[in-house]
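Student:
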Amino acid sequence: MKLLGKIILFLLLTVITQIGGLVYMLAITCYPFLNKFQNRIVRGGLKLGVFLVLYSLITFVLVPRIAPEFGRVPLPITTKGNLKPLTILTPLLNRHYVRPELEKSAQEAAIKMQEKFPGTSVNYLDANFPFMNSFPLIPHLSHNDGKKLDLAFLYDDSQTGIDTHEAPSFIGYGVCEDPLIGEENTAAFCAQKGYWQYNLLTAVVPQKHKNNFTFDAQRTGALVNFLAAHEEIGKIFIEPHLKKRIGLKSDKIRFHGCQAVRHDDHIHVQLK
Ligand SMILES: [Zn+2]
19 MKLLGKIILF
29 LLLTVITQIG
39 GLVYMLAITC
49 YPFLNKFQNR
59 IVRGGLKLGV
69 FLVLYSLITF
79 VLVPRIAPEF
89 GRVPLPITTK
99 GNLKPLTILT
109 PLLNRHYVRP
119 ELEKSAQEAA
129 IKMQEKFPGT
139 SVNYLDANFP
149 FMNSFPLIPH
159 LSHNDGKKLD
169 LAFLYDDSQT
179 GIDTHEAPSF
189 IGYGVCEDPL
199 IGEENTAAFC
209 AQKGYWQYNL
219 LTAVVPQKHK
229 NNFTFDAQRT
239 GALVNFLAAH
249 EEIGKIFIEP
259 HLKKRIGLKS
269 DKIRFHGCQA
279 VRHDDHIHVQ
289 LK
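In the numbering used here, the protein residues as written are 19 to 290.
(1) Would the C-beta of H161 count as close to ligand 1, meaning under 7 Å from any of its heavy atoms?
(2) Find the nearest neighbour of K166 within the set G212, K54, H114, judged by alpha-carbon distance.
(3) I believe M119 touches L241 by the beta-carbon criterion, under 8 Å. Please report the beta-carbon distance rounded to the nearest angstrom.
(4) By DSSP, does Q125 sit in helix, in strand, or in coil?
(5) Note down, in chain order, each residue of its chain lying with its Cβ closer than 7 Å to the Cβ of L52, except the 5 sequence neighbours on either side.
(6) With a threshold of 7 Å (Cβ to nearest heavy atom), would H114 be considered close to ligand 1?
(7) In whole angstroms, what separates the C-alpha of L101 from that of D168?
(8) Please classify I199: does DSSP put it in a helix, a strand, or coil?
(9) Whose C-beta lies closer than 7 Å to the C-beta of T32 among residues of the same chain, with five residues either side of it excluded?
(10) Grab the span of the alpha helix (DSSP H) containing P82 for me, first residue to last.
(11) Report whether the distance from the Cβ of H158 to the nearest heavy atom of ligand 1 is below 7 Å.
(12) If you reduce the DSSP assignment to three classes, tell me which class K24 lands in.
(13) Do you know how far the Cα of A278 is from the Cα of I251?
(14) Candidates F147, H158, Y191: which alpha carbon is nearest N141's?
(15) Rounded to whole angstroms, what is the Cα-Cα separation between S187 and F171?
(16) If I follow the unbroken alpha helix (DSSP H) through F69, where does it start and stop?
(17) Would you mind sorting M150 into buried or exposed? The rule is 16 or more other CB atoms within 10 Å of its CB.
(18) Taking 5 Å as the limit, name every residue whose beta carbon sits nearer than that to some heavy atom of ligand 1, in sequence order.
(19) Do P92 and A85 count as a contact pair if the criterion is CB distance below 8 Å?
(20) Would you tell me roughly how many angstroms separate the C-alpha atoms of I254 and H183, rounded to the nearest one?
(21) Within 8 Å, do at least three Cβ pairs link the stretch 206-220 to the stretch 265-280?
Structure representation (structure tokens):
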């Protein structure tokens, strides 16, 4: 039973963070040294502490230096730059690695956004893990080769009308800019076709902050256009009703299909 628990923990940490399972195995080799502590709570706390120290060192010091050797670089993790994580959970879980060309494209789009809309920073969501092609970044279907990146929409504070850096969903996904009456409703279309997963996140993610935010079509549209104009970018996914509402023209902007999830809560960008 103890072994089964360890295997489950290893798998869980590997699925969520890629390197967490290996860090756990490394931490286990230190645990015999902690057995001299008689108190179970103290011993458990020390074991957790050893894991967390090793995980932090490997995640923030070692992996960012090794990953470029395997063709991926980390996106910035500070909250002050033009391009930043919406939530620190993304870099904490090693989900912020991309190929260098994608990092450059995203950085350049973020700089252009800052020039056009001073004070605007671009929030990134899930990208890819640091190592190995075909290692899935669950729950995303395709974020497994360093070529994919999700970006948050831009919003205004609905009370003041002023630009905000925040988003209605703390993870950036699951709070959608629904189709208006008369607009194409792909969410309803896909649900009707039996693709139950298409709307799943809206049922899971709390919607309570939705009314505090107004979708900023102008800034979000500018961000999509800056990305679409970039030579390295091959495809961008955004829900068809928003493509039409914003007036986006690039033929790089496609409908992702009902087998994916809704893209009226975030932008998906990928390299050629
Ligand atoms: Zn994506």
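Built from N, CA and C at the ideal position, the CB exists for glycine as well. For clarity, every value in this text was computed on a predicted model and none was experimentally measured.
Tutor: Result, derived from the coordinates:
(1) Residue 161 sits at position 143 when you count from the first residue of the sequence shown. H161 Cβ: within cutoff of ligand 1.
(2) Here residue 166 corresponds to residue number 148 of the sequence shown, with the count starting at 1. The residue among G212, K54, H114 with its C-alpha nearest the C-alpha of K166 is H114.
(3) Here residue 119 corresponds to residue number 101 of the sequence shown, with the count starting at 1. Here residue 241 corresponds to residue number 223 of the sequence shown, with the count starting at 1. Checking the sequence shown, residue 119 turns out to be Glu, not Met. At roughly 18 Å, the Cβ-Cβ gap does not stay under 8 Å, so E119 and L241 are not in contact.
(4) For the purposes of this step, residue 125 is identified with residue 107 of the sequence shown, where counting begins at 1. Of the three classes helix, strand and coil, the one that applies to Q125 here is helix, per DSSP.
(5) Here residue 52 refers to the residue found at position 34 when the sequence shown is read from its first residue. The answer, listed in chain order, is R61, L64, K65.
(6) On the sequence shown, position 96 is the one that residue 114 refers to. Ligand 1 has no heavy atom closer than 7 Å to the beta-carbon of H114.
(7) Position 83 of the sequence shown, counted from the start, is the residue given in the question as residue 101. Position 150 of the sequence shown, counted from the start, is the residue given in the question as residue 168. Whole-angstrom Cα-Cα distance: 12 Å.
(8) Sequence index remark: in the sequence shown, residue 199 carries index 181 (1-based). Coil at I199, not helix or strand.
(9) Counted from its first residue, the sequence shown places residue 32 at position 14. Excluding sequence neighbours, T32 sits near G38, G39.
(10) For the purposes of this step, residue 82 is taken as residue 64 along the sequence shown, with counting starting at 1. Taken as a continuous stretch (DSSP letters only), the alpha helix (DSSP H) holding P82 covers 81-84.
(11) In the sequence shown, the residue the question calls residue 158 occupies position 140. Yes, since a heavy atom of ligand 1 falls inside the 7 Å radius drawn around the Cβ of H158.
(12) The residue given as residue 24 occupies position 6 in the sequence shown. Judged by DSSP in its simplified three-state form, K24 adopts helix.
(13) As a first step, residue 251 must be located in the sequence shown, where it is residue number 233. As a first step, residue 278 must be located in the sequence shown, where it is residue number 260. Straight-line Cα distance between these residues: approximately 20 Å.
(14) Residue numbering aside, residue 141 sits at position 123 when the sequence shown is read from its first letter. Out of F147, H158, Y191, Y191 has the C-alpha closest to the C-alpha of N141.
(15) Locating residue 187 in the sequence shown gives position 169, where the first residue counts as 1. Locating residue 171 in the sequence shown gives position 153, where the first residue counts as 1. For S187 and F171, the distance between alpha carbons rounds to 11 Å.
(16) Within the sequence shown, residue 69 is the residue found at index 51, counting from 1. Unbroken alpha helix (DSSP H) run through F69: 58-75.
(17) Taking the sequence shown and counting its residues from 1, the one referred to as residue 150 is at position 132. M150 comes out exposed.
(18) Those residues that have a beta carbon less than 5 Å away from any non-hydrogen atom of ligand 1 are, in order along the chain, D168, H286.
(19) Indexing the sequence shown from 1 puts residue 85 at position 67. Indexing the sequence shown from 1 puts residue 92 at position 74. In contact: A85 and P92 (Cβ atoms closer than 8 Å).
(20) In the sequence shown, residue 254 corresponds to position 236, counting from 1. In the sequence shown, residue 183 corresponds to position 165, counting from 1. Computed Cα separation, rounded: 22 Å.
(21) Segments in contact, yes.
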